[in-house]
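Counting from 1, position 157 in the sequence shown corresponds to residue 157 in UniProt numbering; the numbering is continuous, with no gaps. No residue lacks a Cβ here, since even glycine has one placed at the ideal position from N, Cα and C.
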Amino acid sequence: MVRLLLWVLLVVASRGSSQPAEGDAEQECARNSSQGSSLLQSMTQSIRDSISLGEDAALEASEEAPLTWTEDKLLSMTKEGDSTRCFMALFEGKKCMSPGGVYQISSSWYFNHAGGPVIRSYCGKVSENWVLFGNHRTYITQLHAHQNFADRATFIAVLNCSASGIAPTPAPAATPMPMMPSPGAMPAPEPEPEPEPEPEPEP
1 MVRLLLWVLL
11 VVASRGSSQP
21 AEGDAEQECA
31 RNSSQGSSLL
41 QSMTQSIRDS
51 ISLGEDAALE
61 ASEEAPLTWT
71 EDKLLSMTKE
81 GDSTRCFMAL
91 FEGKKCMSPG
101 GVYQISSSWY
111 FNHAGGPVIR
121 SYCGKVSENW
131 VLFGNHRTYI
141 TQLHAHQNFA
151 DRATFIAVLN
161 CSASGIAPTP
171 APAATPMPMM
181 PSPGAMPAPE
191 PEPEPEPEPE
201 PEP
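Here is the structure:
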């Protein structure tokens, strides 16, 4: 696009300089110069606007599509005992079946959690039904919207549940339905032999 705009500028400038001068040569030169200058300013602004729109689109795309982490990445990014590297996958209900995501726990919450050091034991892990514990229900809106929890936790990514070892439940194997044979397709059953009469007891 930039090349096209520069080409147009060159064409306009060359047309102005190749036309025969009418009247005062200085006025013609000044007029062409001001036209070229205003055209150049217009094109420069157009280029800036295009670049700005491209940056805005990229920013919007990044805001619309959050990062995706696996449970392996959650574990590998966490460092035990490091308050700056405590990541958790927090879910309102069951993992991957309810709103939630991967959050980085702030150092202040890591050290000053109301529930004590229990928070540290969840670094690098998935916490299901997280909103049912303590005062966590106050963060349910942020959890649904993948937003930060004020100064306590920063939203990092969505948990990729398909790569976390959860295999879909296989459908039960279909058992074949027994088929009834059509009449005449099977031989008639043989008659059962008649029982032999029992001997009569002697008097």
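Same chain, Cβ closer than 7 Å to residue i, neighbours up to 5 away in sequence not counted
| i | result |
| --- | --- |
| serine 98 | Phe91, Glu92 |
| threonine 84 | Ser107 |
| alanine 155 | First, the residue type needs correcting, since residue 155 is phenylalanine and not alanine in the sequence shown. Gly101, Tyr103, His146, Gln147, Asn148, listed in sequence order. |
| methionine 77 | Arg85, Phe87 |
| leucine 53 | Only weak support is given to the placement of leucine 53: the predicted model assigns it a pLDDT of 45, under 50, and the value that follows is read from those uncertain coordinates. Hits under 7 Å: none found. |
Cutoff 6 Å; reference residue i; Cβ partners in own chain excluding five residues on either side
| i | result |
| --- | --- |
| glutamate 200 | none |
| glutamate 198 | none |
| glycine 116 | none |
| glutamate 128 | Phe91, Lys94, Lys95 |
| arginine 137 | Val131 |
| tyrosine 139 | Phe149 |
Inter-residue Cα distance where the pair is residue i and residue j
| i | j | result |
| --- | --- | --- |
| glutamine 147 | alanine 153 | 9 Å |
| threonine 141 | phenylalanine 149 | 10 Å |
| cysteine 96 | cysteine 161 | 6 Å |
| threonine 175 | aspartate 72 | No answer about threonine 175 holds up, because its pLDDT of 41 lies below 50 and its placement is not dependable. |
| lysine 94 | cysteine 86 | 21 Å |
| isoleucine 105 | valine 126 | 13 Å |
| histidine 144 | leucine 75 | 23 Å |
| valine 131 | aspartate 151 | 18 Å |
| asparagine 112 | valine 118 | 11 Å |
Close beta carbons around residue i, own chain, < 8 Å, minus the five adjacent residues each side
| i | result |
| --- | --- |
| valine 158 | Pro66, Leu67, Thr68, Trp69, Gly101, Val102, His146 |
| alanine 114 | Gly134, Asn135 |
Among the options, the one whose alpha carbon lies nearest that of residue i
| i | options | result |
| --- | --- | --- |
| glutamate 80 | Cys96, Lys94, Ser107 | Ser107 |
| aspartate 82 | Asp72, Glu71, Trp109 | Trp109 |
First through last residue of the beta strand (DSSP E) which encompasses residue i
| i | result |
| --- | --- |
| alanine 145 | Taken as a continuous stretch (DSSP letters only), alanine 145 belongs to no beta strand (DSSP E), being part of the alpha helix (DSSP H) at 140-145. |
| tryptophan 69 | 67-69 |
| tyrosine 103 | 100-105 |
| valine 158 | 153-159 |
| phenylalanine 91 | 87-91 |
Where the alpha helix (DSSP H) containing residue i begins and where it ends
| i | result |
| --- | --- |
| arginine 120 | 118-121 |
is_contact[residue i, chain C] using C-beta, thresh 8 Å
| i | result |
| --- | --- |
| alanine 157 | This model lacks chain C altogether; it includes just one protein chain. |
Handout entry: Segment contact flag, the segment 78-91 with the segment 110-124, C-beta cutoff 8 Å, min 3 pairs
Key = yes
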